[in-house]
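A.B. asks: Encoded as structure tokens, here's the structure I'll be asking about.
Number of protein chains: 2
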Amino acid sequence: MRDAYLVGAAQTDFGSFPDESYRSLFRTAFEAACDSVPAGIDPDDVDEAVVGTLGVGGRQLGLSGPAVTEHVGLDGIPCTRVENACAASGYAVRQAVQAVKSGMADVVLAGGVEIMTDTSSDATKYWLGVSGETEWERLSGTTFAGVYAQMADAHMEKYGTTAEHLSRVAVKNHANGAKNPHAHLGFECSLEDAMNAQVVADPLTLYHCCPTTDGAACAIVASEDVVDEYTDDPIRIAGVGAASDRVGLFQRDTYTSVPASREAAQSAYEMAGVTPEDIDFAEVHDCFAIAELLAYEDLGFCEPGEAGEFVASGATELGGERPVNTSGGLKSKGHPIGATGAGQMVEAYKQLSRTAGDRQVEGATRGLTHNVGGSGGAAVVHVLEKESEVEA
Amino acid sequence: MRDAYLVGAAQTDFGSFPDESYRSLFRTAFEAACDSVPAGIDPDDVDEAVVGTLGVGGRQLGLSGPAVTEHVGLDGIPCTRVENACAASGYAVRQAVQAVKSGMADVVLAGGVEIMTDTSSDATKYWLGVSGETEWERLSGTTFAGVYAQMADAHMEKYGTTAEHLSRVAVKNHANGAKNPHAHLGFECSLEDAMNAQVVADPLTLYHCCPTTDGAACAIVASEDVVDEYTDDPIRIAGVGAASDRVGLFQRDTYTSVPASREAAQSAYEMAGVTPEDIDFAEVHDCFAIAELLAYEDLGFCEPGEAGEFVASGATELGGERPVNTSGGLKSKGHPIGATGAGQMVEAYKQLSRTAGDRQVEGATRGLTHNVGGSGGAAVVHVLEKESEVEA
């Protein structure tokens, strides 16, 4: 089947935007994504659109896909909304790849959008609660922070992971986010800040939790038949993997790993013909600090149980052997649910087109994105590579 | 790209089921779909799932795809929820076709589910309202019946379509639904019943409107590389077309046609290499009686303005030249939003495998399904054919 390429990607600022609508945010991201295509793109070239969003529901329960594409002038094209909680637009990108590989489309827009900050905190809690398992988790009072706290507890108990390890994730991601003009919380935090912040769900402090964020992001995927029209330095989506799991954490065999991430990564590596050692940088799903540590292990960047030491070693910092979340991650860049997966593509695109500025990973040739829905009910992994610099 | 086939499809009874959950309904449909595969299927053969649903949101806002696939034992496979209002699972089938054609999956489950009858009528009205255009239609008090009433008014004014024409749709579809043991309103209605029923939104009476329904439906799509394992009489998904449009009716150029249906049909015919004359039967989106009349015209079964006479001629009745909604359609079979598109596949599968019993269209060789989201913000059309009986 023919190859798919990432020919452009961009995002809005992530933050709190009371004067923006989901449509206006999507439009800003779409226009910037078109502008990011090296040889430019005529929006009329877009054959199809896939839009990831969770909660636009509050405004437009049905047809929120066409509701945003009509606003950016993409009238008439096939448009589908996809949703897998926080992995909505990671799955939108995957569906764009399938559409291209199927031969049914040459250029596909994969975008995502979320407005979160205009809900009351009770509403947000409810809203996020229902993205986990509803019947047995939310209705018994378990929050998302509570679910991830259980995973952190289990990892600390089994492997000796510490609060300092969790805090180092926050320090690293805020240091990166401080270099990202689009970040929601674009400031640095110290280890002390992270360790001593108020407890949200023990052992997770405020700095171990991502913020509630508004934003949109768009990625443009093109087939091998047309990629040359848009760039002379193609970025290939070499591997795609996805997996699902029991929606409720309590129904899984392990609390110290996210099996869906593990399976998705394995599929993506296999399809791309690479191993974790071949990955130069990664954007991983750090909705809570423990999630980034689990990702290191599930993606094969280190052995099970070693993630705490791995982050403490500096390996995943900018300049380390395998920088992770150079964008700031969900922690510092922000986590507008439906936009997060496409937002990860934005950082991968910047890194592989060597336009990441102060955050540039030197010689970045192959990157990975990792987007998780809920506490691991769904996961999707992409491997992207700068075709001119990888061996055929 | 390789061909995709419909190797099985089944649905639950459609109706009001206070003792069922969305998970239990989906399970019933999935197990029946597996049972409908001629040579049988091991559920482990399913590589991927796509689930269409609108309102499971009330129960499980995020991850409702994995929430149902885990319940039927499809642990671990990639699973995505898609939503395009009432066309949710029509798009799920389309995505299954893309997944198969992309080479990333050999067997894909495309299902849909909705529970609607447990909401209060105010909630249902709100809920359905937000599937239309929210900002300018719903917030000004326009209901879905109101939107379709405007279309009916316009068609009557422009073409002389009559209340009797609308009522003939209801009479025909109830006559068909009375032959379908899965139908929600499986009883006949007379022309007088339909004409004289209470007005819902003038000129639409109660019998011109589909009911509020619970139900689930599943379709199983397989690639040409594995289809022989499941059947020796393959039903090919020969054409797929989809299009979007302005979500709000007031933003479109015409009230007497659904442009997205027209474009989707054209794409599907082109891909299948057929014309409307080649279609032996069709399941069309008759959420309101006017919608079926518009479909006749938009799908090319008759000329613009002639739909009223077309239904009055008996052409679309069982035994007519082109039977439409032999299942009973949304009107009589019922319209559990997320399940409707996959439910249309069930009737197409029955007709083409010649297992439709009293509703069998003699010699049915090529059928069409037509699923609309909102008042035409999205539409998806499939053309299916019994491969053994069509010319190569």
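Chains as they are written, first to last, in UniProt numbering: chain A, 1 to 392; chain B, 1 to 392. C-beta: ideal position from N, C-alpha, C; glycine also. Model, not experiment: these values are computed from the prediction.
Count the other CB atoms within 10 Å of the CB of residue 66/B; is the residue buried (16 or more) or exposed (fewer)?
C.D. replies: As a first step, residue 66/B is located in the second sequence; it is residue number 66 there, counting from the start. It counts as buried.
A.B. asks: Beta-carbon of residue 75/A versus every beta-carbon of chain B: anything under 8 Å?
C.D. replies: Start at 1 with the first residue of the first sequence, and residue 75/A comes out as number 75. By this cut-off, residue 75/A is an interface position.
A.B. asks: Should residue 327/A be flagged as near chain B, meaning a C-beta pair shorter than 8 Å?
C.D. replies: In the first sequence, residue 327/A corresponds to position 327, counting from 1. Residue 327/A does not count as touching chain B.
A.B. asks: Residue 370/A and residue 261/A: beta carbons closer than 8 Å?
C.D. replies: Counting from one through the first sequence, the residue named residue 370/A turns up at place 370. Counting from one through the first sequence, the residue named residue 261/A turns up at place 261. Against a cut-off of 8 Å, the Cβ pair of residue 261/A and residue 370/A comes out as a contact.
A.B. asks: At the 8 Å Cβ level, is residue 243/B part of the contact set with chain A, yes or no?
C.D. replies: The residue labelled residue 243/B in the question sits at position 243 within the second sequence. So, interface residue.
A.B. asks: Under a Cβ-count criterion, where at least 16 other Cβ atoms within 10 Å of its own Cβ denotes burial, should residue 299/B be classed as buried or exposed?
C.D. replies: Position 299 of the second sequence, counting from 1, holds the residue named residue 299/B. Buried, by the Cβ-count rule.
A.B. asks: If I follow the unbroken alpha helix (DSSP H) through residue 21/A, where does it start and stop?
C.D. replies: Locating residue 21/A in the first sequence gives position 21, counting from the first residue. It is not in any alpha helix (DSSP H) - residue 21/A carries neither H nor E in the DSSP assignment.
A.B. asks: Bridge partners for residue 159/A per DSSP, in chain order?
C.D. replies: For the purposes of this step, residue 159/A is taken as residue 159 along the first sequence, with counting starting at 1. DSSP, once it has assigned bridges, lists no residue as partnering residue 159/A.
A.B. asks: Below 7 Å between beta carbons is the criterion; list the residues of the stretch 93-112 of chain A that meet it against any residue of chain B, in chain order.
C.D. replies: Cβ contacts with chain B: 95, 98, 99, 101, 102, 103, 104.
A.B. asks: Just grab the DSSP bridge partners of residue 244/B for me.
C.D. replies: Locating residue 244/B in the second sequence gives position 244, where the first residue counts as 1. Answer is 378/B.
A.B. asks: Less than 8 Å between the C-beta atoms of residue 91/B and residue 55/B, yes or no?
C.D. replies: Along the second sequence, one-based indexing puts residue 91/B at 91. Along the second sequence, one-based indexing puts residue 55/B at 55. No, Cβ-Cβ distance for residue 91/B and residue 55/B is not below 8 Å.
A.B. asks: What is the residue span of the alpha helix (DSSP H) that residue 283/B lies within?
C.D. replies: Here the question's residue 283/B lines up with position 283 in the second sequence. Counting along the chain, residue 283/B falls outside any alpha helix (DSSP H), though it belongs to the beta strand (DSSP E) covering 281-283.
A.B. asks: Please list, in chain order, all residues of the same chain as residue 388/A whose beta carbon is under 7 Å from its beta carbon, the five residues on each side excluded.
C.D. replies: In the first sequence, the residue the question calls residue 388/A occupies position 388. 233, listed in sequence order.
A.B. asks: Run down chain A in chain order and give the residues with a C-beta less than 7 Å from the C-beta of residue 273/B.
C.D. replies: One-based indexing of the second sequence puts residue 273/B at position 273. Simply none; closest approach about 15 Å.
A.B. asks: Does any residue of chain A bring its CB to less than 8 Å from the CB of residue 218/B?
C.D. replies: Mapped onto the second sequence, residue 218/B falls at position 218. So no, residue 218/B is outside the interface.
A.B. asks: Taking Cβ positions, are residue 96/B and residue 289/B nearer each other than 8 Å?
C.D. replies: Position 96 of the second sequence holds residue 96/B. Position 289 of the second sequence holds residue 289/B. It is not a contact, given that the beta carbons lie outside the stated cut-off.
A.B. asks: With a cut-off of 8 Å on the beta carbons, I'd call residue 332/B and residue 173/B a contact; round off their distance for me.
C.D. replies: The residue labelled residue 332/B in the question sits at position 332 within the second sequence. The residue labelled residue 173/B in the question sits at position 173 within the second sequence. Correct: roughly 5 Å between the Cβ atoms.
A.B. asks: At a Cβ cut of 9 Å, what residues of the stretch 57-72 of chain A count as close to chain D, listed as they run along the chain?
C.D. replies: No chain D is part of this structure, whose protein chains are labelled A and B.
A.B. asks: Which of the residues in the UniProt domain "Thiolase C-terminal" (241-386) of chain A, read from start to end, lie with their CB under 7 Å from any CB of chain B?
C.D. replies: Going along the UniProt domain "Thiolase C-terminal" (241-386) of chain A in chain order, one finds 242, 243, 244, 245, 246, 247, 263, 373, 374, 377, 378 with a Cβ nearer than 7 Å to chain B.
A.B. asks: Using alpha carbons as the reference points, say which of 49/B, 88/B, 278/B lies closest to residue 341/B.
C.D. replies: As a position in the second sequence, residue 341/B is number 341, starting the count at 1. For residue 341/B, the nearest C-alpha among the options comes from 88/B.
A.B. asks: Between the stretch 281-297 of chain A and the stretch 207-214 of chain A, can you find at least three pairs of beta-carbon atoms closer than 8 Å?
C.D. replies: Judged by Cβ distances under 8 Å, the stretch 207-214 of chain A makes contact with the stretch 281-297 of chain A, as three or more pairs qualify.
A.B. asks: Tell me the DSSP secondary structure of residue 114/B in three-state form.
C.D. replies: Here residue 114/B refers to the residue found at position 114 when the second sequence is read from its first residue. Here residue 114/B sits in strand by DSSP.
A.B. asks: Is the beta carbon of residue 193/A closer than 8 Å to that of residue 76/B?
C.D. replies: Against the second sequence, residue 76/B aligns to sequence position 76. Against the first sequence, residue 193/A aligns to sequence position 193. Their beta carbons are not under 8 Å apart, which means residue 76/B does not touch residue 193/A by this criterion.
A.B. asks: Only counting the same chain, and skipping five residues up and downstream in sequence, which positions put a Cβ closer than 6 Å to that of residue 20/A?
C.D. replies: Reading the first sequence from its first residue, position 20 is the one you call residue 20/A. Excluding positions up to five away in sequence, the list is empty.
A.B. asks: Given that residue 91/A touches chain B, what residues does it touch there, using C-beta distances under 7 Å?
C.D. replies: Numbered from 1 along the first sequence, position 91 holds the residue referred to as residue 91/A. Simply 80.
A.B. asks: Give the secondary structure of residue 150/A by DSSP, where H, G and I count as helix, E and B as strand, and everything else as coil.
C.D. replies: The residue given as residue 150/A occupies position 150 in the first sequence. Three-state result, residue 150/A: helix.
A.B. asks: Which same chain residues, not among the five before or five after residue 203/A, have their C-beta less than 8 Å away from its C-beta?
C.D. replies: Sequence index remark: in the first sequence, residue 203/A carries index 203 (1-based). Within the same chain, residue 203/A has close Cβ partners 149, 152, 153, 156, 163, 166.
A.B. asks: CB residue 9/A to CB residue 100/A, shorter than 8 Å?
C.D. replies: Here residue 9/A is taken as the residue at index 9 of the first sequence, counted from 1. Here residue 100/A is taken as the residue at index 100 of the first sequence, counted from 1. Taking 8 Å as the Cβ cut-off, residue 9/A and residue 100/A do not qualify as a contacting pair.
A.B. asks: Taking the alpha helix (DSSP H) that residue 180/B falls in, what are its first and last residues?
C.D. replies: Your numbering for residue 180/B matches position 180 in the second sequence. First-last for residue 180/B: undefined, no H or E at that position.
A.B. asks: Would DSSP call residue 34/B helix, strand or coil?
C.D. replies: Counting from one through the second sequence, the residue named residue 34/B turns up at place 34. DSSP places residue 34/B in helix when its eight states are reduced to three.
A.B. asks: Quick one: any contact between the stretch 344-355 of chain B and the stretch 132-141 of chain B, if contact means 3 or more CB pairs under 8 Å?
C.D. replies: The stretch 344-355 of chain B, when compared against the stretch 132-141 of chain B, does not touch it at the 8 Å Cβ threshold.
A.B. asks: Looking at residue 216/B and residue 11/B, is the spacing between their C-beta atoms short of 8 Å?
C.D. replies: Within the second sequence, residue 11/B is the residue found at index 11, counting from 1. Within the second sequence, residue 216/B is the residue found at index 216, counting from 1. In this structure, residue 216/B lies closer than 8 Å to residue 11/B by Cβ.
A.B. asks: Report the three-state DSSP secondary structure of residue 144/B (helix, strand or coil).
C.D. replies: For the purposes of this step, residue 144/B is taken as residue 144 along the second sequence, with counting starting at 1. If DSSP states are grouped into helix, strand and coil, residue 144/B belongs with the helices.
A.B. asks: Measuring CB to CB, does residue 45/B end up less than 8 Å from residue 225/B?
C.D. replies: Position 45 of the second sequence, counted from the start, is the residue given in the question as residue 45/B. Position 225 of the second sequence, counted from the start, is the residue given in the question as residue 225/B. Their beta carbons are not under 8 Å apart, which means residue 45/B does not touch residue 225/B by this criterion.
A.B. asks: Since I believe residue 348/B is in contact with residue 264/B (beta carbons under 8 Å), could you give me their beta-carbon distance rounded to a whole number of angstroms?
C.D. replies: Within the second sequence, numbered from 1, the residue matching residue 264/B stands at position 264. Within the second sequence, numbered from 1, the residue matching residue 348/B stands at position 348. At roughly 16 Å, the Cβ-Cβ gap does not stay under 8 Å, so residue 264/B and residue 348/B are not in contact.
A.B. asks: Who are residue 173/A's beta bridge partners in DSSP?
C.D. replies: The sequence position of residue 173/A within the first sequence is 173, counting from 1. DSSP, once it has assigned bridges, lists no residue as partnering residue 173/A.
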